[in-house]
Structure formats: structure tokens, C-alpha cells
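Written out below as C-alpha cells is the structure these notes cover.
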């Protein structure tokens with residue numbers, strides 16, 4: 001062994017001391033509870049005792065119609081929530097970033113700052129402000145649509161089963177568009193001038209320059225944004241809870257996994273809270289997020305070429 | 001100068017799109033703040049006009065300040081945010097220094113372990129976190145929130161800070177070692193001041209989600225003494241559904257401190273994002 005040949009170095013205590021606080025807090029408050037939650041999903045409270053029941057909670061979650069209907073509904077809604085973000089938030093973010101990064105653009109700092117404002121606000125503010133704006137009582141939204149002659153299209157979107165989830169997704173898009181914008185903007189700024197100049201020498205300018213030169217170079221950032229969106233969406237809770245309450249009305253049409261977990265864990269109205277079922281749902285969310293992250297790490301990231309300048 | 005003439009319509013187009021989007025982004029915020037200074041008749045009669053002397057009214061603000069214990073909630077939020085921030089920055093910087101400065105067995109494994117938390121949200125462990133807090137008697141204390149937020153903020157802080165600490169010159173640290181400085185002095189006296197700008201970036205990134213979080217205050221500390229301003233606003237808004245003056249005033253009071261801080265620090269935040277730390 002190498003240790004026999006090399007003189008043994010004294011144990012470097014300072015490394016342990018530097019690492020200890022972070023590792024201890026992180027392990028105790030994050031990793032162990034996460035593991036504990038996964039473990040809890042395999043137990044059930046029978047006569048005040050936690051009894052190991054294997055995968056029974058999951059069988060209930062998928063087999064018992066009381067649970068499975070809600071679970072699949074929440075999952076479906078969550079997927080739609082994510083699709084809207086990918087289709088609306090990220091393209092708008094990329095477009096704004098592309099416009100912002102155009103050289104010699106005046107007021108770029110102002111636009112950047114202003115468009116990022118919704119991102120720093122809390123869900124409570126965002127949810128309530130939009131609830132007021134879309135409320136037929138106040139009449140701001142119908143009034144504004146009247147100005148462009150579209151008043152007939154107005155309905156109380158948040159109150160209709162078929163529109164509520166889409167409306168909430170768009171509100172969430174409105175709030176978070178600043179994040180893809182900033183990250184893409186950073187990526188666009190890091191493209192060296194020589195590459196752009198070479199493209200211009202070849203006569204590639206404007207839109208075709210964006211599609212052919214810049215977009216391939218920012219694909220890694222778009223990948224990161226997609227996975228951040230995925231994790232954020234499948235973990236979302238606050239906006240739905242603020243705007244529609246824990247019952248995710250109307251008629252559960254805006255229920256996503258976060259609100260479903262909250263109701264299962266704490267109970268609501270007639271339903272009694274059940275930590276074990278809550279843990280089972282959290283485990284499912286964990287597996288979904290882990291799956292997404294793995295797809296990203298092993299399929300997407302390895303295929304995207306990173307250009308080192 | 002043919003390029004200049006050709007790009008003029010394009011410039012105008014770019015400004016048009018950006019202005020439109022800026023308007024969309026700011027409209028709800030401006031609308032809420034504007035209407036919070038109006039009387040009830042003004043709010044409903046002409047929601048889109050700024051307050052005039054006729055419609056100007058502070059009734060909403062007097063209701064909010066008279067009813068909710070907002071000053072107290074505000075203090076709670078401030079204590080939780082500042083304390084969590086302090087621990088995230090201190091512990092995060094220490095761990096980042098250990099990971100970026102020393103070669104030891106398990107270094108990259110430790111880095112990976114700490115980075116796990118960037119992708120896996122701490123919320124999924126809520127069930128067990130609540131049990132832990134109940135068992136240790138920390139439910140309904142600000143300590144519980146501070147601990148959770150410290151754990152939540154650490155992964156990203158360690159990740160970003162260790163990227164920056166790698167850039168600190170080795171010669172400087174070695175010069176310090178030759179002069180007989182201990183590793184602790186090197187960290188606190190030499191390295192920390194040099195990475196101060198990146199600490200500010202991490203601070204902003206850590207601060208916003210903590211200040212705005214609703215989930216953990218709702219679950220771990222919902223009592224009257226420990227409510228944060230986000231939770232307080234949520235409950236207050238739920239109670240005063242029909243009092244539009246009070247709701248708009250409460251929303252404005254919740255928006256303004258964040259907005260003011262943002263305007264002061266936005267340059268720092270944007271420089272942090274665009275400096276490539278999060279690439």
C-alpha cells in the first residue's frame with residue numbers, strides 16, 4: 001500500500017472543521033429527513049404504532065379510487081403546468097434575452113431590471129394581485145379587453161374548470177420569465193465576438209445568425225433551464241395554494257402534486273391527515289424529479305456539446 | 001453605413017417588443033400600488049387612473065396597520081432571513097474553501113453529496129422534518145425555520161462559492177502560509193475579503209426564496225408569535241377578501257420593501273447572474 005511507503009501525514013483537522021458545520025446541518029435537516037420520508041412511506045400507523053407494510057401505501061395510492069383519481073389528476077395537471085412553462089416561458093425568455101443582448105441597445109439595463117421584478121415577488125403577492133385583476137368584480141381585465149374590442153372573450157378564468165389551470169400556469173410564467181431570460185442573456189454575452197464577426201463576414205446576420213450561430217451555442221443553457229423548470233414545476237405549491245386554496249378549486253381542476261401532498265399530509269375538511277400517505281406522495285414526487293434529473297444528466301447533458309472559448 | 005440604416009426598423013421592433021413586455025411585467029405591480037392609495041369608489045370607478053385628490057384615500061393602510069400585526073411579522077421575517085443568510089454564507093464559504101483548497105480523499109464525493117440538494121428540493125422531506133422539529137420541541141420557533149433555510153441554501157452556496165474560490169491566487173495563500181498564518185486566518189483574512197462580490201450574489205439568491213417562502217412557515221411555524229410576513233399576508237388576505245382597500249394596501253406593503261431592496265441591489269444581482277457563476 002502507498003501509505004506504507006509515504007510518510008504518514010498528520011490528520012488535517014482544519015479540513016474537517018471547515019466542512020463540519022455545513023455537512024452537519026445539511027445532513028441533519030435535509031438528507032436524513034429526505035431519507036426518513038422515503039422510509040416513512042413504507043410504514044403505516046396501525047393502533048398508534050408504526051408498522052412496516054412494504055409497498056401497501058403505494059398500492060393504496062394507485063389502487064384505491066379515493067386516492068388514485070386524485071393522484072392521476074394531480075399528475076396530469078402538473079404535466080400540463082410544465083408543458084405550458086416549456087412552451088411559453090422558455091421561448092419568451094430566449095426571445096427577450098436575444099433582443100436584450102443585441103449590441104448598442106439603449107435602456108437594456110432598464111428593461112432587464114423591470115422584466116425581472118415579478119420574479120422577486122412572493123407567490124402570495126403574485127397570486128392575489130392576479131386574482132384581483134382577473135376578478136369580474138373589479139373589472140380591470142374586462143375593461144382592458146374592451147379597449148381592444150375583445151370584451152366578449154372575457155370569462156372569469158380562475159373560476160372555470162377548463163381554464164383555471166392554464167390561467168394559473170400563465171401567471172406562473174409571467175412571474176418566472178425573468179429566470180430563463182437572465183440565464184440565456186448571460187450565455188449570449190459569453191459568446192465571443194470573433195464567432196459573431198466570422199458569421200458576419202460570411203453574410204449571416206439577423207435572424208439567421210440567431211438560429212444558425214447563437215442558438216446552437218446556448219443549447220446547454222436551455223438544457224439547464226429546462227431541468228430547473230422541471231424541478232420547480234413538480235415541486236410547486238405556493239401559487240396554487242394562494243390563488244385557489246388547498247382544495248385547488250374549482251373542483252380540483254388546478255390540483256398539482258404539491259397541493260395534493262399538502263392535503264394528504266395535513267388533511268383538509270373531512271379528510272384526516274395521514275403522514276404516511278403524505279410520505280408516499282412525497283416519494284413519488286422524489287422519483288419523478290429524480291427521473292427528470294437523471295434524464296437530463298445522462299441523456300441531454302452528455303449529448304449537448306459544450307463549447308469552450 | 002448601410003448596416004445602420006438596415007438595422008433601424010429592427011431596433012424599433014426590438015424596443016417595441018421589450019417595452020410591451022416591460023409593461024406586462026410591471027402592470028400588475030403598478031396597478032396594485034396605485035389603487036392602494038384610493039378610496040373604495042376610486043378603486044372600482046376608475047381602476048386604471050392614478051389617484052387624484054378626489055379619490056386619494058389612506059383608509060386601506062390605516063386598516064392594515066390597525067388590524068394585522070404586520071410590524072411583528074416583519075421582524076420575524078427579518079430575523080429568519082438575516083440569520084439564515086448569515087449561516088448559509090459562513091458555513092457555505094467554509095465548506096467551499098475546504099473543497100476548493102485542499103486535496104483529500106473523498107473531496108469530489110463530498111462535493112457531489114453537497115450538490116445533491118441543488119436538484120432535489122428540501123420540501124420533499126417535509127413529513128420527516130416536521131417529525132424532527134416536533135421531537136426536538138422546535139415547532140413554532142424561528143429556530144426551526146432558520147435551520148431549514150440554512151440547509152436549503154447551503155448546496156447552491158457551496159457550489160457557487162467554490163467556483164469562485166478556485167480563482168483566488170495560490171501564491172497569495174502560500175505567501176500567507178510562509179508568513180506563518182494558520183489555515184483559519186488565511187480563510188478569514190485573505191480569502192473571504194477577496195470573494196466578497198460572489199458572497200453578495202449568493203446572498204441575493206438565498207435571500208429571495210427565504211423571504212418569499214410560504215410552505216415552511218405554514219407547516220413549521222404557523223403560530224401568531226412566529227408568523228413571517230409572507231404567511232401573515234396570506235392569512236390577512238384570506239380574512240379581508242371583501243375589504244379591497246385593506247387588501248390592496250397589504251399587498252403594497254408586502255411589495256414595497258422587496259422592490260426597494262431590489263432596486264438597490266439589482267445591479268449586484270444581475271452582475272452575479274451574468275458573471276457566469278450559474279452556467
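Protein chains in written order, with the UniProt record's numbering: chain X, 1 to 309; chain F, 1 to 279.
Each residue gets a CB set at the ideal place from its N, CA and C atoms; glycine is no exception.
Subject >> Rounded straight-line distance, which links the Cα of residue 157 of chain F to that of residue 79 of chain X >> reply: Answer to the nearest angstrom: the Cα atoms are 30 Å apart.
Subject >> Beta-bridge partners of residue 267 of chain X, as assigned by DSSP >> reply: Looking at the DSSP assignment, residue 267 of chain X forms a beta bridge with X:272.
Original post:
Taking the beta strand (DSSP E) that residue 46 of chain X falls in, what are its first and last residues?
Top reply: Note, residue 46 of chain X: beta strand (DSSP E), 43-46.
**OP:** Hey, could you find the ends of the beta strand (DSSP E) residue 241 of chain F is sitting in?
**Re:** Counted as a single uninterrupted DSSP element, the stretch harbouring residue 241 of chain F is not any beta strand (DSSP E), since DSSP gives it neither H nor E.
**OP:** In angstroms with no decimal places, state the Cα-to-Cα distance between residue 65 of chain F and residue 75 of chain F.
**Re:** Rounded to the nearest whole angstrom, the C-alpha separation of residue 65 of chain F and residue 75 of chain F is 15 Å.
**OP:** Using only alpha-carbon positions, find the residue among X:81, X:60, X:295 and X:72 that is nearest to residue 163 of chain X.
**Re:** Among X:81, X:60, X:295 and X:72, the Cα nearest to that of residue 163 of chain X belongs to X:81.
Original post:
Are there 16 or more other CB atoms within 10 angstroms of the CB of residue 276 of chain X, so buried, or fewer, so exposed?
Top reply: With a threshold of 16 other beta carbon atoms within 10 Å, residue 276 of chain X meets it and is buried.
Subject >> Per-residue contacts from residue 235 of chain X into chain F (C-beta, under 7 Å) >> reply: Going along chain F in sequence order, the residues near residue 235 of chain X (Cβ under 7 Å) are 121 and 123.
**OP:** Would you grab the beta carbon distance between residue 93 of chain F and residue 199 of chain F for me? Rounded to a whole angstrom, and I think it's under 8 Å.
**Re:** With a Cβ gap of about 7 Å, residue 93 of chain F and residue 199 of chain F count as contacting.
Original post:
Which residues in the same chain as residue 1 of chain X place their Cβ atom closer than 8 Å to its Cβ, once the five residues preceding and following it in sequence are excluded?
Top reply: Caution is warranted here: a pLDDT of 42 is assigned to residue 1 of chain X, below 50, making its placement in the model unreliable, and no coordinate value can be reported.
Subject >> Cβ-based contacts, 8 Å cut-off: residues of the segment 145-174 of chain X near chain F >> reply: Correct list: 174.
Subject >> Rounded separation between residue 301 of chain X and residue 227 of chain X - CA only >> reply: Cα to Cα, the separation comes out at about 10 Å.
**OP:** Report, in whole angstroms, the separation of the C-beta atoms of residue 212 of chain X and residue 204 of chain X, which I expect to be a contact under 8 Å.
**Re:** So it is a contact: roughly 6 Å between Cβ atoms.
**OP:** Determine the closest residue to residue 23 of chain X out of F:24, F:99 and F:61, with distance taken between C-alpha atoms.
**Re:** Checked all of F:24, F:99 and F:61; the closest Cα to residue 23 of chain X is F:99.
**OP:** Pick out whichever of F:142, F:37 and F:102 has its Cα sitting closest to the Cα of residue 54 of chain F.
**Re:** In terms of CA proximity to residue 54 of chain F, F:37 leads the group F:142, F:37 and F:102.
Original post:
Once you ignore the five residues that flank residue 1 of chain F on each side, which residues in its own chain have a CB closer than 7 Å to its CB?
Top reply: Below a pLDDT of 50, predicted positions are generally treated as unreliable, and residue 1 of chain F, at 35, falls in that range; no measurement from the model is reported.
Subject >> Same chain, Cβ closer than 6 Å to residue 63 of chain F, five either side skipped, listed in chain order >> reply: Closer than 6 Å at Cβ, skipping near neighbours: 246.
Subject >> Interface flag, residue 254 of chain X vs chain F, CB-CB below 7 Å >> reply: By the rule that beta-carbons nearer than 7 Å mark a contact, residue 254 of chain X does not touch chain F.
**OP:** Per DSSP, which residues does residue 38 of chain F bridge with? Please list them.
**Re:** DSSP output for residue 38 of chain F lists F:56 as bridge partner(s).
Original post:
Does any residue of chain X bring its CB to less than 7 Å from the CB of residue 28 of chain F?
Top reply: Interface residue, yes.
Original post:
So is residue 256 of chain F buried or exposed if we call it buried at 16+ other beta carbons inside 10 Å?
Top reply: In the assembly as shown, residue 256 of chain F is an exposed residue. Its beta-carbon has fewer than 16 other beta-carbons within 10 Å.
Original post:
Would residue 255 of chain X pass as a contact of residue 73 of chain X if the rule is Cβ separation under 7 Å?
Top reply: Contact: yes.
Original post:
So which residues on chain F does residue 102 of chain X lean against when the C-beta distance must stay under 9 Å?
Top reply: 7, 10, 11 and 14, listed in chain order.
Original post:
In whole angstroms, what is the alpha-carbon distance linking residue 5 of chain F and residue 109 of chain X?
Top reply: Residue confidence is low: residue 5 of chain F scores 42 on pLDDT, short of 50, so the model does not pin down where it sits. No coordinate-derived value is stated.
Original post:
Does any residue of chain X bring its CB to less than 7 Å from the CB of residue 245 of chain F?
Top reply: So, not an interface residue.
Subject >> Beta-carbon gap between residue 258 of chain F and residue 288 of chain X smaller than 7 Å >> reply: No, Cβ-Cβ distance for residue 258 of chain F and residue 288 of chain X is not below 7 Å.
**OP:** Could you work out which residue in X:220, X:264, X:234 and X:303 is closest to residue 290 of chain X when comparing CA atoms only?
**Re:** Checked all of X:220, X:264, X:234 and X:303; the closest Cα to residue 290 of chain X is X:234.
Subject >> Where residue 30 of chain X meets chain F, residues with beta-carbon distance less than 9 Å >> reply: In chain order: 116, 117, 120, 122, 125, 129, 148, 151, 152, 154 and 155.
Subject >> Residues that residue 133 of chain X contacts on chain F, provided the C-beta gap is smaller than 8 Å >> reply: The contacting residues are 28 and 31.
Subject >> Option in F:67, F:18 and F:163 with minimal Cα separation from residue 107 of chain X >> reply: Residue F:18 is the option with its Cα nearest to residue 107 of chain X.
**OP:** Grab me the residues of residue 41 of chain X's own chain with a C-beta within less than 6 Å of its C-beta, minus the 5 sequence neighbours each way, in chain order.
**Re:** Excluding its 5 nearest sequence neighbours in each direction, residue 41 of chain X has C-beta neighbours in its own chain below 6 Å: 57, 279, 280 and 283, listed in chain order.
Original post:
Within the 7 Å Cβ cut-off, does residue 256 of chain F reach chain X?
Top reply: Residue-level contact check: residue 256 of chain F does not touch chain X, since none of the beta carbons of chain X fall below 7 Å from its beta carbon.
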